[in-house]
Amino acid sequence: MTAAETESSPRDTSFFGHPKGLGYLAFTEAWERFSYYGMTSMLALYMIGQLLTPGHAENVLGLAALRHALEFRGPIGNQAFASLIFGWYSGLVYFTPVLGGLIADRWLGARRTVVVGALLMSAGHIAMAFDASFLIALVLLIVGSGCLKGNISAQVGHLYPAAAESWRTQGYTIFSAAINVGAVLGPLGCGALAAAYGWHYGFGLAGALMILALIIYLAGQRYLPDGARASKSHHHPPLTPAERTRTWMLILVIVLTVLPNIAYPMIWNVGIVWISEHVSRATPWGEIPAGWFNSVDAFASIVAVPPLVALWRWQARRGQEPGDIAKIGIGAALTGISALVITAGCLLTPAGSRVAVLWPLLSFAGMGVAFLYFWPVLLALISEAAPAKMNATLMGGAFLSLFVGSVLMGWVGSFYSQMTPARFWALDGAIGLAGGILVFLFKDAISAALGRDDPPADTTSSDSSQPLVSADQT
15 MTAAETESSP RDTSFFGHPK GLGYLAFTEA WERFSYYGMT SMLALYMIGQ LLTPGHAENV
75 LGLAALRHAL EFRGPIGNQA FASLIFGWYS GLVYFTPVLG GLIADRWLGA RRTVVVGALL
135 MSAGHIAMAF DASFLIALVL LIVGSGCLKG NISAQVGHLY PAAAESWRTQ GYTIFSAAIN
195 VGAVLGPLGC GALAAAYGWH YGFGLAGALM ILALIIYLAG QRYLPDGARA SKSHHHPPLT
255 PAERTRTWML ILVIVLTVLP NIAYPMIWNV GIVWISEHVS RATPWGEIPA GWFNSVDAFA
315 SIVAVPPLVA LWRWQARRGQ EPGDIAKIGI GAALTGISAL VITAGCLLTP AGSRVAVLWP
375 LLSFAGMGVA FLYFWPVLLA LISEAAPAKM NATLMGGAFL SLFVGSVLMG WVGSFYSQMT
435 PARFWALDGA IGLAGGILVF LFKDAISAAL GRDDPPADTT SSDSSQPLVS ADQT
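In the numbering used here, the protein residues as written are 15 to 488.
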């Protein structure tokens with residue numbers, strides 16, 4: 015089923031007022047995110063606490079050569095080395111969707127490309143269970159994610175008619191909330207197994223859930239769009255001047271999200287290390303694993319969806335809903351404010367005492383709300399505004415913001431051990447706030463170029479069971 019066929023078919027709103035295919039895509043990503051966040055919640059602590067220590071580091075194929083390559087500014091400690099690996103891994107996971115989008119657009123189609131990606135990621139998670147194959151596992155996960163992530167996100171957009179902007183944005187918000195269920199459960203499940211039986215059992219659970227994601231995706235094939243696919247002998251016509259303008263404006267929006275994509279994922283890297291070292295985690299039942307805190311931002315992203323969607327609907331009925339660009343700017347600023355919450359906790363804690371658990375909880379929850387403002391909105395904007403012949407490619411291009419942001423996050427995080435925690439998180443907060451300021455500086459020009467000077471008055475979107483229907487759909 016192509017994107018065009020999906021949009022021209024009768025409306026199927028059996029998944030909470032949205033197309034049934036949204037449910038299959040959401041639950042596929044839910045378990046893919048379980049595996050990803052379950053693994054990443056352990057990654058920095060695993061490298062610092064075991065993999066990079068004597069008796070383990072020498073068993074990892076290629077690790078010595080990688081360390082030599084990353085020590086271009088001189089010898090670095092294990093925390094800095096782990097942060098650089100974390101940053102490059104996280105970044106490359108989001109770089110390869112550009113290639114995955116091209117493969118889907120030109121050759122395989124979205125569905126086959128997603129299946130290939132899921133198989134590679136399953137193999138990668140299983141390889142994480144062994145020290146020797148650590149770097150091989152990261153490569154498999156990086157390539158597999160490239161085939162999977164951008165194409166699933168593009169398929170969500172193809173479920174909706176072109177003119178249904180608000181309905182599509184709601185769909186992406188629900189999609190993001192659903193996958194965050196996996197992001198909540200992943201650190202809890204993998205962290206619990208790792209604490210009880212060892213790191214490699216936690217990584218093994220991540221692999222098992224990736225296989226479940228593939229099974230769900232295959233079960234929903236009849237409800238999923240495949241997107242346009244060109245034959246080897248066919249070449250897309252060049253972009254029109256209007257399409258080129260829209261493409262460049264969307265690229266600018268992607269670039270502007272780099273700064274919040276530095277500030278936000280810092281909590282998954284340095285944030286977990288800081289919690290392990292400085293936060294009081296004692297309970298009557300024992301100490302809470304530091305990795306469990308990686309579930310907080312995802313949980314906040316779930317519980318914040320109903321009030322946030324209600325707020326946007328309330329604002330839309332009054333013609334006051336922020337446009338997509340403004341929402342992205344608000345989200346960027348919220349990442350900075352959330353990082354500054356940790357700075358406040360550090361400064362208000364007496365010397366020699368551990369920081370109260372409330373401070374990281376508030377900070378991580380704030381990051382989760384910020385995510386809802388800038389990431390699903392960015393994906394919805396690209397899905398609607400990108401030229402059809404560039405849709406999957408630009409959707410994959412959105413992940414370049416995460417690539418650059420994550421690599422820079424790893425580099426900034428490598429200075430953590432050279433700074434006080436309060437100063438480090440103040441730096442992270444300043445990065446996020448700068449992102450918000452830049453978005454608002456360019457907001458009017460971008461909105462005008464994309465034809466979004468005024469948010470659309472969408473009264474029907476206040477009830478997701480009454481979706482928008484474009485008059486020109488046949």
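The beta carbon of each residue, even a glycine, is placed where N, CA and C say it ideally should be.
Classification of D458 by the beta-carbon crowding that lies within 10 angstroms, buried from 16 upward: exposed
Alpha-carbon spacing of N165 relative to L362, whole angstroms: 45 Å
As assigned by DSSP and simplified to three states, the class of A304: Of the three classes helix, strand and coil, the one that applies to A304 here is helix, per DSSP.
Same chain, Cβ closer than 8 Å to V129, neighbours up to 5 away in sequence not counted: Same-chain partners within the cutoff: L228, Y231 and L232.
Residue nearest to S290 in terms of C-alpha spacing, selected from S55, G419 and L219: Cα-wise, what sits closest to S290 is S55.
Supposed close pair M409, A168 - CB separation, criterion 8 Å: 4 Å
Beta-carbon proximity check, F378 vs G196, cutoff 7 Å: Taking 7 Å as the cut-off, the beta carbon of F378 is found no closer than this to the beta carbon of G196.
Close beta carbons around G35, own chain, < 6 Å, minus the five adjacent residues each side: Cβ neighbours of G35 beyond the five flanking positions: L173, Y237 and L238.
Range of the contiguous alpha helix (DSSP H) that encloses R258: Boundaries of the alpha helix (DSSP H) around R258: P255 to L270.
F388 to A340 span [Cα, whole Å]: 9 Å
Integer-rounded CB distance, given that S315 should sit under 8 Å from L386: 6 Å
Bounding residues of the alpha helix (DSSP H) (the contiguous stretch that carries H139): A124 to A141
Y174 beta carbon near the ligand FMN (any heavy atom closer than 6 Å): As for the ligand FMN, it is missing from this structure, which has no ligand bound.
Integer-rounded CB distance, given that S420 should sit under 8 Å from S104: 4 Å
The region 52 to 71 touching the region 92 to 101, judged by at least three CB pairs closer than 8 Å: yes
The region 296 to 308 in contact with the region 435 to 452 per 3-pair CB rule at 8 Å: no
Minimum C-alpha distance to F493 - residue among C204, I265 and I351: With the chain covering only 15 through 488, there is no way to say anything about residue 493.
S247 (DSSP reduced to helix, strand or coil): Bear in mind that the predicted position of S247 carries a pLDDT of just 45, short of 50, making it too unreliable to give a figure here.
Distance between beta carbons of H292 and L201, contact taken as under 8 Å: According to the sequence provided, residue 201 is Pro. The question's Leu does not apply to it. Not a contact, Cβ separation roughly 19 Å.
Sub-7 Å separation of V157 and G411 beta-carbons: no
Counterpart residues of L296 in DSSP-defined beta bridges: Note that residue 296 corresponds to Ala in the displayed sequence, not to Leu. Per DSSP, E301.
Where S484 sits in the DSSP three-state scheme: Caution applies to S484, whose pLDDT of 27 falls short of 50 and renders its modelled position unreliable; the value that the coordinates give is listed next. DSSP places S484 in coil when its eight states are reduced to three.
Bridge-paired residues (DSSP) for V355: V355 pairs with nothing; no bridge assigned.
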